[in-house]
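What follows is a single structure, written as structure tokens, with notes after it.
Numbering (the UniProt record's numbering), first residue to last: 1 to 180.
Structure representation (structure tokens):
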């Protein structure tokens, strides 16, 4: 007995009688082997096509993210977010409330004109409200190293960070010039 290419037993020889006739060899399923190869080829081809389609979609997504329109949209979105935060801080300063030093530094860094206008149009209050910081957390982590420097400067001059926002209005010796 022999084993054919498909892994089965090869039973291709048959005896036609007892007379010593030569055995007639039959083919070991030639159509099935070709069919199996064709089926495997089609499966591999569809798998490769699916992989290529996934790669094309990923490349199209990368191209879409790097297009100038998307970059412009993202930068505009970021600028609007910063402008919103700056306008909240400026409104608190104009209202006469005590603004945290980190917020003042954020406003001075990102929109110096709004800082100047807010300080110029500040309305003093008898009992100013202590405001919480509106600077985002990721900015807050960056600002802590700046806040340490500003904290030392305000302790040499005016006192706590709440007074530094008022000190910037009265004589300019608060957070704005004390750190320089």
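For each residue, glycine too, the CB sits at the ideal point set by N, CA and C. Keep in mind the model is a prediction, meaning the values are calculated, not measured.
The three-state secondary structure of residue 138, taken from DSSP, is helix. The stretch 91-111 makes contact with the stretch 131-138, as at least three CB pairs between them are under 8 Å. One alpha carbon belongs to residue 95, the other to residue 68, and they sit about 40 Å apart. Apart from the 5 residues on each side of it in sequence, residue 115 sits with its Cβ closer than 6 Å to the Cβ of 107 and 108 in its chain, given in chain order. By the neighbour-count definition (other C-beta atoms within 10 Å, threshold 16), residue 91 is an exposed residue. In this structure, the straight-line span from the alpha carbon of residue 52 to that of residue 37 is close to 22 Å.
Secondary structure of residue 98 (DSSP, three-state): strand.
For residue 60 against residue 93, the beta-carbon gap comes to about 47 Å, at or over 8 Å, which does not count as contact. In terms of Cβ geometry, residue 82 and residue 110 form a close pair [threshold 7 Å].
It is roughly 32 Å from the alpha-carbon of residue 80 to the alpha-carbon of residue 127.
In this chain, the alpha helix (DSSP H) harbouring residue 116 covers 112-120.
Taken atom to atom, the span from the alpha-carbon of residue 125 to that of residue 86 is near 21 Å.
Under the rule that a run must span 4 or more residues, the alpha helix (DSSP H) segments found entirely inside the stretch 46-102 read 68-95. Sequence-distant partners of residue 75 (beyond 5 residues in either direction) whose C-beta falls short of 8 Å from its own C-beta are missing from its chain. Residue pairing by DSSP leaves residue 132 without any beta bridge partner. An exposed status is given to residue 55, since fewer than 16 other beta-carbon atoms sit within 10 Å of its beta-carbon.
Here DSSP, grouped into helix, strand and coil, assigns residue 127 to coil.
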